[in-house]
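Residue numbers (my numbering): 481 to 568.
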């Protein structure tokens, strides 16, 4: 509990829980967090889209994500790209 007393930001909490940026634990946490965000965006796009091609693409991305084949990505680029595709 001592480690949590002086925490006032989310970044500080992440550092206590998962270590400094660049550590294996922190990198794993960041990767899983980004995969969760993308999966939620995909779910949202799937439920709001009746387009069969879009749904097929979403399924492929979800399979790639679950299998670990979608791993290294630039968070901002990918999130913006997904937003653009599914907001049209």
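Glycine included, every Cβ here is placed at the ideal spot set by N, Cα and C.
Residue 494: member of the alpha helix (DSSP H) spanning 490–498, first to last residue.
Between residue 505 and residue 498, the C-beta spacing is below 7 Å.
DSSP, read as helix, strand or coil, puts residue 486 in coil.
By the beta-carbon neighbour count (other beta carbons within 10 angstroms, threshold 16), residue 525 is buried.
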